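Beneath this line is the structure, given in structure tokens, with notes to follow.
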Amino acid sequence: MSELLEISREEIIDGKWERILNFFRSRSLWMLYYCTGCGAVELPPTMTSRFDMERFGIGPMATPRQADILLVTGYVSVKTLKRIIRTYEQMPEPKWVVGFGSCPIDGGIYWNSYATINHLEKYIPVDLSLGGCMPRPQAVIDGFTKLMKLIEKGEAVGYKKYRLNHDWYKRNQREVLERTEPVLGPPAKGQARAFARDVESVELSHISGSGGEK
Amino acid sequence: MIVLQTIGAAALAMAIGLLFMGIGRIVTARLQRRVGPPVWQCYIDVVKCFSRKSTSHHFVMDLGSIMGLAGLVAAAMFMPVAGWLPLQSTGPLLVILYLMPIGYLGMAMGVSASGNPLAAIGIGRALTMMVGYEVPFAILLLGLVATFGTSSLVALNQLQAGGLLAWNAVRMPFGFVAALIALQAMLAEKPFDAMIAPAEIASGPMVELGGKFLGLAFLQHSVAIFIETGLVVNMFLGGATSIWIFFVKQLVLYTIVMAFNGIYARYRVEQATRFLWIFAGSLAFVQLVINVLK
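Protein chains in written order, with this note's numbering: chain E, 29 to 242; chain U, 447 to 740.
Below you can see the structure in the form of structure tokens.
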């Protein structure tokens, strides 16, 4: 039940009427940025006079209800993941997620931290990832124009994937979020883990739910 | 025929309002040394808003949003555009003033039903601000009505016929300045935008509005722009002989408002109310006294 579904391209891509509306959706993207990471500092220059994102109809919005894109700007800690999921689920469809910088892609420089998650796309569907630490405003605008093309062709379908694979995403979220012991205690009896050197085992310790004690 | 005229006039008010909003965004962008969005950006925004799913929190929220738009559209029916009226009337000023708050109260009812505390704060501020600008505006209107002995906008237009010097803006400069200040507050632009305040109370009344509700709020604002600038054009700038001149006069007013919006910071709501009562109110009162003495 909780496996990732195999969906063909034809099943999930928007139909003709939707594609007319997609023309309008792609030219009016309102974003909600989740500014917990360092990526947020790249957004003011992208929005203001030098690079001027509003030329493409992209602008900031105040609340999740009004927004089309959720920008996750930088690393995602386990605590903020809960808020990101809550924010994402409050947004009305159609909605898109942009992972900003390398941290939401693979953990970035925080790849072996006990407090962060490494792959954002396991928990919410990411439509576009902008690599770099941090991506410069040119890269941000390049990424947004790419997202606009994807939306117009009806190929940015992350929100549909989330709906179809709800169980799979929820299971992944629960595995991280229900790891509720506090960092400093209660002491685990004889369960001290050796420091896991490679990425795979760090990831496993994150997923297995016993906490990554170093 | 009258149905078609009504629908046409409503669509025209929305289209003109949205066009002005787009131009206003470009004006703001140029003041900030940006390029700004294309002129038709607001039309795209509205279509996009209506193409999204939306979350309703209560039946009253649906009702209030519709009522908000309907009240303002009803007010637009009595606004003479270069002497042309969708409904047979003489442009009754008091009816417009009576119908306009229905729009705002509908909005207040709708967003209060969403249950968000920030929306309630925003509505509280908006209604306080309304007390602020309605007082000077009411003094102005009563002054006009008392001076000319008519509350019909068409008659006011005819009284101002005959060139620039016959305009009320020239004959009553203090009143015109007071009307401009009140217009700034009516359109909720800076420095009187404490009810919106995106960084402070997360856009206030709009906080829970998503999708179609936000589209309705957009349309409501566009009709509000049309009515409020139209009122000032009819009362002070002599109306117009053709529909295009009317729109150009409206656009000039709206551009002035947006230019001030681009350079001022935000007043707190009690500061804004005090400013409106003391400055706009006393200017309007001075004009009233001058009119009486003449």
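Each residue gets a CB set at the ideal place from its N, CA and C atoms; glycine is no exception. Given the structure is predicted, the values throughout are model-derived calculations rather than measurements.
- Here T144(E) is bridged, per DSSP, to S105(E).
- At least 7 Å separates the CB of R476(U) from every CB of chain E.
- Rounded to whole angstroms, L665(U) and P483(U) show a C-alpha spacing of 19 Å.
- For V678(U), same chain residues with a beta-carbon under 7 Å away, outside a window of 5 residues either side, are A625, L629 and L699 in chain order.
- Beta-carbon to beta-carbon, A95(E) and M119(E) are separated by about 6 Å, close enough to satisfy the 8 Å threshold.
- When the alpha-carbon of V154(E) is set against those of K44(E), Y142(E) and P132(E), the nearest one is in P132(E).
- Residues of the segment 498-522 of chain U with a Cβ closer than 7 Å to any Cβ of chain E, in chain order: R498, K499, S500 and T501.
- The beta carbons of I548(U) and P651(U) sit about 16 Å from each other, so the pair does not count as a contact at 8 Å.
- Per the coordinates, the alpha-carbon of L205(E) lies some 21 Å from the alpha-carbon of L99(E).
- Distance from P563(U) to T452(U) at the Cβ level is roughly 38 Å; contact not present, criterion being Cβ atoms closer than 8 Å.
- For G561(U), the secondary structure class from DSSP, reduced to helix, strand or coil, is coil.
- Residue state for W723(U) is assigned as helix, using DSSP reduced to three classes.
- Interface residue (Cβ-Cβ distance to chain U less than 7 Å): R55(E) is classified as such.
- At least one beta carbon of chain U lies nearer than 7 Å to the beta carbon of F52(E).
- T173(E) does not reach chain U, its nearest Cβ partner there being about 15 Å away, counting only Cβ pairs nearer than 7 Å.
- Rounded to the nearest whole angstrom, the CA to CA distance from T593(U) to V738(U) is 7 Å.
- Secondary structure note for W124(E): its beta strand (DSSP E) is the uninterrupted segment W124 to F128.
- Judged by DSSP secondary structure, S511(U) falls outside any beta strand (DSSP E) and instead within the alpha helix (DSSP H) spanning F505 to A522.
- Under the three-state reduction of DSSP output, I41(E) falls in the coil class, being neither helix nor strand.
- Taking a beta-carbon distance threshold of 7 Å, Q487(U) counts as an interface residue toward chain E.
- Contact note: K494(U) reaches chain E through F52, R53 and S56, using a C-beta cutoff of 7 Å and chain order.
- As for any alpha helix (DSSP H) of minimum length 4 sitting wholly inside the segment 451-507 of chain U, the runs are 487-496, ordered along the chain.
- Residue pairing by DSSP puts V100(E) in a beta bridge opposite Y62(E) and G127(E).
- Scanning its chain for C-beta atoms nearer than 7 Å, with the 5 sequence neighbours on each side dropped, one finds around A167(E) the residues L158 and G160, in chain order.
- With fewer than 16 other beta carbons inside 10 angstroms of its own, V694(U) counts as exposed.
- Legend: CB atoms of the segment 104-127 of chain E lying less than 9 Å from CB atoms of chain U belong to residues Q118, M119, P120, E121, P122 and K123.
- Taking C-beta separations shorter than 7 Å and ignoring five residues to either side along the sequence, the partners of T719(U) in its chain run T574, M575, V577 and G578, following chain order.
- Looking at the DSSP output, W530(U) sits in a beta bridge with V527(U).
- Close to G482(U), with beta-carbon spacing below 9 Å, are these residues of chain E in chain order: D80, E82 and R83.
- CA-CA distance, V126(E) to Y190(E), rounds to 15 Å.
- For the set I40(E), F51(E) and L57(E), the Cα lying nearest the Cα of E183(E) is the one of I40(E).
- DSSP, read as helix, strand or coil, puts G661(U) in helix.
- Put simply, the backbone Cα of F692(U) is about 50 Å away from that of I113(E).
- The straight-line gap separating the alpha-carbon atoms of T101(E) and L148(E) is approximately 11 Å.
- In the structure shown, L156(E) falls within a strand segment according to DSSP collapsed to helix, strand and coil.
- Closest by C-alpha distance to P122(E), out of V519(U), H503(U), V541(U) and C495(U), is C495(U).
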